[in-house]
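Asker:
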Amino acid sequence: RFRTLQFKAYSLGCTLYSIMVPQHEQITAWLAKLPFVDAERIAFYGLSYGGKSAMRIPALVDNYCLSICSGDFDDWIWKNAATDSKSLRYSYANKAEYEMYEFNLGGTFNYSEMAALICPRPFMVERGHFDGVAPDEAVAYEFAKVRHLYRAQLNLGERTAIEWFNGPHAINGKGTFAFLHKHLDWPAPKAAE
Numbered sequence: 031r032f033r034t035l036q037f038k039a040y041s042l043g044c045t046l047y048s049i050m051v052p053q054h055e056q057i058t059a060w061l062a063k064l065p066f067v068d069a070e071r072i073a074f075y076g077l078s079y080g081g082k083s084a085m086r087i088p089a090l091v092d093n094y095c096l097s098i099c100s101g102d103f104d105d106w107i108w109k110n111a112a113t114d115s116k117s118l119r120y121s122y123a124n125k126a127e128y129e130m131y132e133f134n135l136g137g138t139f140n141y142s143e144m145a146a147l148i149c150p151r152p153f154m155v156e157r158g159h160f161d162g163v164a165p166d167e168a169v170a171y172e173f174a175k176v177r178h179l180y181r182a183q184l185n186l187g188e189r190t191a192i193e194w195f196n197g198p199h200a201i202n203g204k205g206t207f208a209f210l211h212k213h214l215d216w217p218a219p220k221a222a223e
């Protein structure tokens with residue numbers, strides 16, 4: 031269904047995020063008003079298309095106190111445009127996922143620039159070595175720019191991290207959960223005895 035919505039949004043000069051961002055603004059504003067919700071601890075953690083959303087939505091919705099991108103962080107411009115034989119495994123250039131292309135995104139923002147829009151809020155990437163989204167090298171290349179911004183330029187190194195794990199396109203929940211506990215100031219559960 032989301033592909034149909036994206037197609038319709040394109041005809042209006044918009045994207046699916048033109049619909050999703052206002053939804054998230056309203057959802058987080060509503061959550062913040064609930065007596066049992068701490069408005070300062072509303073975070074975004076997304077896998078796959080949710081990881082794609084974790085890059086775009088918190089960059090525009092300040093109500094999220096942090097963002098975790100799982101199973102999607104990479105060099106987005108390369109992923110959309112690469113046509114060499116080694117890259118086609120990862121590229122959208124030979125896939126039927128027509129909704130992935132976003133007008134002029136390559137000329138404006140790659141993933142490191144989206145993370146810069148999330149900054150100074152905490153930001154983390156969760157990366158399985160066997161995730162078919164992108165090769166480790168493309169992820170490391172793009173994340174190095176994020177790390178440089180947070181650590182070298184802004185002295186906020188403790189607010190960004192990447193967790194590499196031996197696994198596929200999945201939530202690992204180890205380093206990311208520790209990141210959430212740290213930045214949400216929420217105690218970790220006691221280990222089972």
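Per this note's numbering: the sequence shown ends with 223, consecutive numbering throughout.
Don't be surprised by glycine CBs; every beta carbon is placed ideally from N, CA and C.
Source: prediction; values computed, not measured.
#1: Taking I72 as part of the alpha helix (DSSP H), name the residues at either end of that continuous run.
#2: Please classify K82: is it buried, with 16 or more other beta-carbons within 10 angstroms of its beta-carbon, or exposed?
#3: Expressed to the nearest angstrom, what Euclidean distance is found between the alpha-carbon atoms of S117 and D68?
#4: Would you say R31 and E129 are within 7 Å of each other, going by their C-beta atoms?
#5: Let me make sure I understand the geometry here. Which of K212, V169 and P165 has the alpha-carbon closest to that of E188?
#6: So what's E132 in DSSP terms, helix, strand or just coil?
#7: With DSSP as the reference, please indicate the residues paired to I98 in a beta bridge.
#8: Please say whether A73 and L96 have beta carbons closer to each other than 7 Å?
#9: Between which two residues does the alpha helix (DSSP H) holding I192 run?
#10: Are P88 and I148 close, meaning C-beta to C-beta below 7 Å?
#11: Is F160 closer than 7 Å to P198 when the C-beta atoms are compared?
#12: Just mark G158 as buried or exposed, buried being the case when its beta carbon has 16 or more other beta carbons within 10 Å.
#13: To the nearest angstrom, how far is it from the Cα of P3 to the Cα of P65?
#14: Compare the C-alpha of G101 against each of F209, A200 and P217 and name the closest.
#15: Mark Y79 as exposed unless 16 or more other C-beta atoms lie within 10 angstroms of its C-beta, in which case mark it buried.
#16: Exposed or buried, what is A216 when buried is set at 16 or more other beta-carbons lying within 10 Å of its beta-carbon?
#17: Taking only three categories from DSSP, how would you classify W106?
#18: Taking I98 and G136 to be in contact with their CB atoms under 8 Å, please state how far apart those CB atoms are, rounded to whole angstroms.
Answerer: In short, the structure shows the following:
#1: Along the sequence shown, one-based indexing puts residue 72 at 42. I72 -> no alpha helix (DSSP H), and no H or E assigned at all.
#2: Against the sequence shown, residue 82 aligns to sequence position 52. Buried, by the Cβ-count rule.
#3: Translated into the one-based positions of the sequence shown, residue 117 becomes position 87. Translated into the one-based positions of the sequence shown, residue 68 becomes position 38. Rounded to the nearest angstrom, the two C-alpha atoms are 44 Å apart.
#4: Here residue 31 is taken as the residue at index 1 of the sequence shown, counted from 1. Here residue 129 is taken as the residue at index 99 of the sequence shown, counted from 1. Result no, Cβ atoms of R31 and E129 do not sit closer than 7 Å.
#5: Counting from one through the sequence shown, the residue named residue 188 turns up at place 158. Closest option to E188, Cα to Cα, is K212.
#6: Position 102 of the sequence shown, counted from the first residue, corresponds to residue 132. Three-state DSSP puts E132 in coil, outside helix and strand.
#7: Sequence index remark: in the sequence shown, residue 98 carries index 68 (1-based). Answer is Y75 and M154, bridged to I98.
#8: Stepping through the sequence shown from its first residue, residue 96 is reached at position 66. Stepping through the sequence shown from its first residue, residue 73 is reached at position 43. Yes, they are a contact pair.
#9: Indexing the sequence shown from 1 puts residue 192 at position 162. Looking at the DSSP string, I192 is not in any alpha helix (DSSP H); the run it does join, the beta strand (DSSP E), is T190 to F195.
#10: Residue 88 sits at position 58 when you count from the first residue of the sequence shown. Residue 148 sits at position 118 when you count from the first residue of the sequence shown. Result yes, Cβ atoms of P88 and I148 sit closer than 7 Å.
#11: Within the sequence shown, numbered from 1, the residue matching residue 198 stands at position 168. Within the sequence shown, numbered from 1, the residue matching residue 160 stands at position 130. It is a contact, given that the beta carbons lie within the stated cut-off.
#12: Reading the sequence shown from its first residue, position 128 is the one you call residue 158. Buried, because 16 or more other Cβ atoms sit within 10 Å of the Cβ of G158.
#13: With the chain represented from 31 up to 223, any question about residue 3 goes unanswered, as that position is not in the structure.
#14: For the purposes of this step, residue 101 is taken as residue 71 along the sequence shown, with counting starting at 1. Of the candidates F209, A200 and P217, the one whose C-alpha sits nearest the C-alpha of G101 is A200.
#15: Position 49 of the sequence shown, counted from the start, is the residue given in the question as residue 79. Exposed.
#16: The sequence position of residue 216 within the sequence shown is 186, counting from 1. Checking the sequence shown, residue 216 turns out to be Trp, not Ala. Exposed is the call here.
#17: Counting from 1 along the sequence shown, the entry for residue 106 is found at position 76. Three-state DSSP puts W106 in a helix.
#18: On the sequence shown, residue 98 is found 68 positions in, with the first residue counted as 1. On the sequence shown, residue 136 is found 106 positions in, with the first residue counted as 1. So it is not a contact: roughly 24 Å between Cβ atoms.
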